[in-house]
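Visitor:
There are 2 protein chains.
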Amino acid sequence: MAFSPALTRLIDALRVLPGVGSKSAQRMAFHLLQREREGGRYLAQAVEQAMASVQHCKACRMFTDSELCDICSNERRDATLVCVVESPADVMAIEQNTDFTGRYFVLLGRLSPIDGVGPSELGLDILRSRLADGSVEEVILATGATVEGEATAQYVADLARQHDAGISRIAHGVPIGGELEYVDSGTLSQAFSGRRPF
Amino acid sequence: MAFSPALTRLIDALRVLPGVGSKSAQRMAFHLLQREREGGRYLAQAVEQAMASVQHCKACRMFTDSELCDICSNERRDATLVCVVESPADVMAIEQNTDFTGRYFVLLGRLSPIDGVGPSELGLDILRSRLADGSVEEVILATGATVEGEATAQYVADLARQHDAGISRIAHGVPIGGELEYVDSGTLSQAFSGRRPF
Ligand SMILES: [Zn+2]
Ligand SMILES: [Zn+2]
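From first to last, the protein sequence lines are chains G and Y. Position in the first sequence counted from 1, then plus 336, gives you this note's numbering. Position in the second sequence counted from 1, then plus 336, gives you this note's numbering.
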């Protein structure tokens, strides 16, 4: 029983959103139609506009509406420090939670030969040309603490080394407020090997 | 740090969806931008079109793209039986899980004087005119098994009684306090076949 082709299409389309199955797509569609027509129109325009105008920064691959993102075009951000992350969400998290004042490079993924993700998919030619002009003094590796994240960090470190840039890796260990007994063994092992004078 | 006004607006707009907070709105926006531009355009069009063309059936208030929904315009659906439900989701659930062949009336809510929801908000003048033409022999009360659902059922029963229509209530196989749309198909089917004079 279709009732409304437009409704059926709406429910189907909502499933492109991550974590939205058919049941919640239906719930969302009914909510928009019954209580949020105005919000629905706003959503349609916002999605349309974002799909058309959001692009990747030419220098760091972060999302932006212009050629360069707000950070890359901000002269007060330290261009000698480049923090390499996997995703735009990582940039957001670092901006919101740290006082980092350098710049970024967003890989939009991590090395995964099995999935066909190699250096060129990660835009590493762009990073290479930033390193080549000699302005970068330190590359901060902030890829994830996973096997693929580590492999990616290794690859980027090699690249930085070729251009005589300094290299650091963000610390991995027991999270602040974390109880030792609930931390997984890999983290605990890393926390031990990464111990520092106190 | 805004990065992209279009992205900020997209994240904000996604929050009109029920159950979507700022964290999942951001995750959805990034997903669309990184991996689902095509799906995003499809979503924008589908939302736009649904907001513009989905309306309520003139006879039963179900969602439809026309004046009358597929059920009300289907001569093979038994017009002597009218099942009264709270929401379009309830109609979907009944259609998918029972062999009910009558018609519906969708209240789009339930009586709740505190929230300003009275008989006219529930479209009961439309139901009244359907009862007045004498074609309805039985009104099946399928409002939720909640205090408000029961009060609504009582109100609709009084209305049906005034027009000499038979009245039944779906059996309380539906768990007390449960919303119809979340009930499993067996229970819902049992509740239908076990309906009793009200
Ligand atoms: Zn940038
Ligand atoms: Zn109808």
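Here a beta-carbon is modelled for each residue, glycine too, at the ideal position from N, C-alpha and C. Bear in mind the structure is a predicted one, so any value in this text is a computation, not a measurement.
Using a Cβ-based criterion (distance less than 7 Å to any ligand heavy atom), does ALA425 (chain G) qualify as near ligand 1?
Guide: For ligand 1, not one heavy atom lies less than 7 Å from the Cβ of ALA425 (chain G).
Visitor: Any idea if ILE512 (chain G) is buried or exposed, counting beta-carbon neighbours within 10 angstroms, 16 or more meaning buried?
Guide: Counting Cβ neighbours within 10 Å, ILE512 (chain G) comes out exposed, since fewer than 16 surround it.
Visitor: CB-CB under 7 Å to GLY445 (chain G), same chain, minus the five flanking residues each way: which ones, in chain order?
Guide: Within the same chain, GLY445 (chain G) has close Cβ partners GLU422, VAL453, GLU457 and LEU458.
Visitor: Starting from the N-terminal end, write out each residue whose C-beta falls within a distance shorter than 6 Å of any non-hydrogen atom of ligand 1.
Guide: Listed along the chain, these residues meet the criterion: G:CYS393, G:ALA395, G:CYS396, G:MET398, G:LEU404, G:CYS405, G:ILE407 and G:CYS408.
Visitor: Thinking C-beta only, is ALA342 (chain G) closer than 8 Å to SER389 (chain Y)?
Guide: Yes, the Cβ-Cβ distance between SER389 (chain Y) and ALA342 (chain G) is below 8 Å.
Visitor: Looking only at DSSP bridge pairs, what is ILE476 (chain G) linked to?
Guide: According to DSSP, ILE476 (chain G) bridges with G:CYS419 and G:SER504.
Visitor: Can you tell which of G:ARG351, G:PHE436 and G:GLY522 has the C-alpha that lies nearest to the C-alpha of GLU374 (chain Y)?
Guide: Comparing Cα-Cα distances from GLU374 (chain Y) to each of G:ARG351, G:PHE436 and G:GLY522, the minimum goes to G:ARG351.
Visitor: If you draw a straight line from the C-alpha of CYS405 (chain G) to the C-alpha of PHE399 (chain G), how long is it?
Guide: Distance between the alpha carbons of CYS405 (chain G) and PHE399 (chain G): 7 Å.
Visitor: Using a Cβ-Cβ cut-off of 7 Å (strictly less than) and excluding sequence neighbours within five positions of GLU515 (chain Y), which residues of its own chain qualify?
Guide: Excluding residues within five positions, the ones whose Cβ falls inside 7 Å are GLY480.
Visitor: Please list, in chain order, the chain Y residues whose beta carbon lies closer than 9 Å to that of PHE436 (chain G).
Guide: Correct list: empty, because the minimum Cβ distance to chain Y is about 11 Å.
Visitor: Throw me the rounded Cβ distance for the PHE436 (chain Y) and PHE528 (chain Y) pair, which I believe falls under 8 Å.
Guide: Correct: roughly 6 Å between the Cβ atoms.
Visitor: To which residues of the same chain is ARG466 (chain Y) closer than 8 Å at the C-beta, ignoring the five residues directly before and after it?
Guide: ALA395, VAL418, PHE441 and VAL472.
Visitor: Comparing alpha-carbon positions, which option in Y:TYR378, Y:ALA380, Y:GLY470 and Y:LEU346 lies nearest ALA365 (chain Y)?
Guide: For ALA365 (chain Y), the nearest C-alpha among the options comes from Y:LEU346.
Visitor: Looking at the unbroken beta strand (DSSP E) that takes in TYR440 (chain Y), where does it start and where does it end?
Guide: Its beta strand (DSSP E) spans residues 438 to 442.
Visitor: Between Y:GLY502, Y:ASP500, Y:VAL420 and Y:ALA425, which has its C-alpha nearest THR488 (chain Y)'s C-alpha?
Guide: Of the listed residues, the one whose Cα sits closest to THR488 (chain Y) is Y:VAL420.
Visitor: Going by DSSP, what residue range makes up the alpha helix (DSSP H) through LYS359 (chain Y)?
Guide: 358 to 371 is the extent of the alpha helix (DSSP H) around LYS359 (chain Y).
Visitor: With 9 Å as the C-beta to C-beta threshold (strictly closer), list the residues of the stretch 404 to 434 of chain Y near chain G in chain order.
Guide: Residues CYS405, ASP406, ILE407, SER423, PRO424, ALA425, VAL427, MET428, GLU431 and GLN432.
Visitor: Please confirm whether TYR518 (chain G) and ALA349 (chain Y) have their CB atoms less than 8 Å apart.
Guide: Their beta carbons are not under 8 Å apart, which means TYR518 (chain G) does not touch ALA349 (chain Y) by this criterion.
Visitor: Beta carbons nearer than 7 Å to chain G: which residues of the stretch 383 to 399 of chain Y have them?
Guide: Within the stretch 383 to 399 of chain Y, the residues whose Cβ lies closer than 7 Å to some Cβ of chain G are VAL383, GLU384, GLN385, ALA386, MET387, SER389, VAL390, MET398 and PHE399, listed in chain order.
Visitor: The alpha helix (DSSP H) that contains ALA342 (chain G), what's its start and end?
Guide: That run of the alpha helix (DSSP H) goes 341 to 350.
Visitor: Taking Cβ positions, are ALA383 (chain Y) and GLY438 (chain G) nearer each other than 8 Å?
Guide: Sequence check: residue 383 (chain Y) is Val here, not Ala. Result no, Cβ atoms of VAL383 (chain Y) and GLY438 (chain G) do not sit closer than 8 Å.
Visitor: Within 8 Å (strictly less), CB to CB, does ARG446 (chain G) reach chain Y?
Guide: Judged by the 8 Å Cβ criterion, ARG446 (chain G) is not in contact with chain Y.
Visitor: What number of angstroms, rounded off, separates the C-alpha of LEU368 (chain G) from the C-alpha of SER448 (chain Y)?
Guide: So the two alpha carbons sit approximately 21 Å from each other.
Visitor: If you follow the alpha helix (DSSP H) that SER304 (chain G) is in, where does it begin and where does it stop?
Guide: For residue 304 (chain G) there is no data in the structure shown, the boundaries of chain G being 337 and 534.
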